[in-house]
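Residue numbers (the numbering used here), protein chains in the order written: chain A, 4 to 120; chain B, 2 to 114.
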């Protein structure tokens with residue numbers, strides 16, 4: 004099946020620093036990538052939807068200036084958490100939908116665990 | 002009210018038991034339905050889609066009741082490896098061609114030896 008990778012798999016940073024998370028579709032082209040956040044014992048919450056070559060669409064309550072999304076190619080989207088604070092500590096998961104797929108399946112990356120000290 | 006609500010559990014059952022999970026969704030226009038499983042500290046993985054006529058995949062049976070906006074998952078002859086969190090997921094079609102998955106908060110299952 005289709006493979007999506009995320010890098011890094013975990014990161015620990017100091018408060019105030021910025022962290023970049025990469026999401027790559029390894030064996031397919033992704034027209035759309037999604038970024039989710041999951042706090043402990045809670046559901047995955049969609050943060051934003053990014054389409055290659057255009058601005059991301061953010062969900063209500065998600066600050067676009069804090070969570071910068073770049074989807075510069077059909078195989079790579081990045082999420083940058085700017086000026087991270089402890090409350091940003093969470094499990095960030097991306098998913099990708101294959102270009103031209105008839106099944107409309109989203110393939111999930113393995114997630115990135117962010118801890119802000 | 003959450004768009005997708007699940008019984009949070011936890012469910013602790015012995016090996017071989019049958020266990021059922023329930024889920025309700027609030028958007029009557031929701032189009033597609035799924036069950037995912039998520040292991041601790043891992044990404045969710047698609048377990049099965051849920052069809053109106055009900056569908057079965059080995060020991061797993063999913064049911065959908067559109068009138069009641071209710072989805073269920075039945076696991077028969079549970080195995081230790083079934084221990085995970087089961088997520089009820091609903092796909093909504095937004096404007097244009099946009100589609101969006103909405104996840105329930107999950108039901109935790111532990112199968113005990």
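Yeah, the Cβ is synthetic: ideal placement off N, Cα and C, and Gly gets one too.
> residue 107/A versus chain B: which residues are under 7 Å apart at the beta carbon?
Replying inline: The residue you call residue 107/A lines up with position 104 of the first chain. Near residue 107/A (Cβ distances below 7 Å), the residues of chain B are 100.
> At a Cβ threshold of 8 Å, is residue 107/B touching chain A?
Replying inline: Stepping through the second chain from its first residue, residue 107/B is reached at position 106. By this cut-off, residue 107/B is an interface position.
> At what residue ranges does the segment 44 to 92 of chain A contain a whole run of the alpha helix (DSSP H), taking only runs of 4 or more?
Replying inline: none
>> Let me check understanding here. Comparing Cα to Cα, which of 89/A, 95/A, 120/A and 20/A lies closest to residue 12/A?
In response: What you label residue 12/A is simply residue 9 of the first chain in a count that begins at 1. For the residues 89/A, 95/A, 120/A and 20/A, the minimum Cα distance to residue 12/A belongs to 95/A.
>> Rounded to the nearest angstrom, what separates residue 16/B and residue 61/B at their Cα positions?
In response: Here residue 16/B corresponds to residue number 15 of the second chain, with the count starting at 1. Here residue 61/B corresponds to residue number 60 of the second chain, with the count starting at 1. So the alpha carbons of these two residues sit roughly 15 Å apart.
> By the 10 Å Cβ neighbour count, where 16 or more other Cβ atoms means buried, how is residue 57/B classified, buried or exposed?
Replying inline: Here residue 57/B is taken as the residue at index 56 of the second chain, counted from 1. Residue 57/B should be labelled exposed.
>> Going by DSSP in three states, residue 98/A sits in which element: helix, strand or coil?
In response: Counted from its first residue, the first chain places residue 98/A at position 95. Correct three-state label for residue 98/A: strand.
>> So, does the segment 81 to 92 of chain A touch the segment 20 to 28 of chain B, judging by three or more C-beta pairs under 8 Å?
In response: no
> residue 111/A versus chain B: which residues are under 9 Å apart at the beta carbon?
Replying inline: Along the first chain, one-based indexing puts residue 111/A at 108. 37, 44, 45, 46 and 47, listed in chain order.
>> Can you confirm whether residue 63/A, when its beta carbon is compared against all beta carbons of chain B, has any partner nearer than 8 Å?
In response: Looking up residue 63/A in the first chain gives position 60. No, residue 63/A does not count as interfacial toward chain B.
> Do you know offhand how far residue 75/B's Cα is from residue 100/B's?
Replying inline: Locating residue 75/B in the second chain gives position 74, counting from the first residue. Locating residue 100/B in the second chain gives position 99, counting from the first residue. Spanning the two alpha carbons is a distance of roughly 27 Å.
> What does a CB cutoff of less than 8 Å around residue 84/B pick up in its chain, not counting 5 residues either side in sequence?
Replying inline: Along the second chain, read from residue 1 onward, the residue named residue 84/B stands at position 83. Cβ neighbours of residue 84/B beyond the five flanking positions: 110, 111 and 112.
> How far does the beta strand (DSSP E) with residue 21/A in it reach, from first residue to last?
Replying inline: By 1-based counting over the first chain, the position of residue 21/A is 18. Taken as a continuous stretch (DSSP letters only), residue 21/A belongs to no beta strand (DSSP E), as it is neither H nor E.
>> Can you check which of these residues, 35/B, 53/B and 14/B, is closest to residue 81/B by C-alpha distance?
In response: Translated into the one-based positions of the second chain, residue 81/B becomes position 80. Residue 14/B is the option with its Cα nearest to residue 81/B.
>> According to DSSP, is residue 106/B part of a helix, a strand, or is it coil?
In response: Translated into positions along the second chain, residue 106/B becomes position 105. The three-state reading of DSSP puts residue 106/B in coil, since its state is none of H, G, I, E or B.
> If we count the other Cβ atoms within 10 Å of its Cβ and call it buried at 16 or more, is residue 79/B buried or exposed?
Replying inline: The sequence position of residue 79/B within the second chain is 78, counting from 1. Residue 79/B is buried by the Cβ-count criterion.
> Do residue 114/A and residue 43/B come within 8 Å of each other at the CB atom, strictly closer than that value?
Replying inline: Residue 43/B sits at position 42 when you count from the first residue of the second chain. Residue 114/A sits at position 111 when you count from the first residue of the first chain. Closer than 8 Å, so yes.
> Interface residues of chain B around residue 18/A at Cβ under 9 Å?
Replying inline: Working through the first chain from its first residue, we reach residue 18/A at position 15. Correct list: empty, because the minimum Cβ distance to chain B is about 23 Å.
> DSSP state of residue 65/B, grouped into three classes?
Replying inline: The residue you call residue 65/B lines up with position 64 of the second chain. If DSSP states are grouped into helix, strand and coil, residue 65/B belongs with the strands.
>> Tell me which residue opens and which closes the beta strand (DSSP E) that residue 33/B is part of.
In response: As a first step, residue 33/B is located in the second chain; it is residue number 32 there, counting from the start. Residue 33/B -> beta strand (DSSP E) spans 33 to 39.
> Are the C-beta of residue 104/B and some C-beta of chain A separated by less than 8 Å?
Replying inline: Within the second chain, residue 104/B is the residue found at index 103, counting from 1. So, interface residue.
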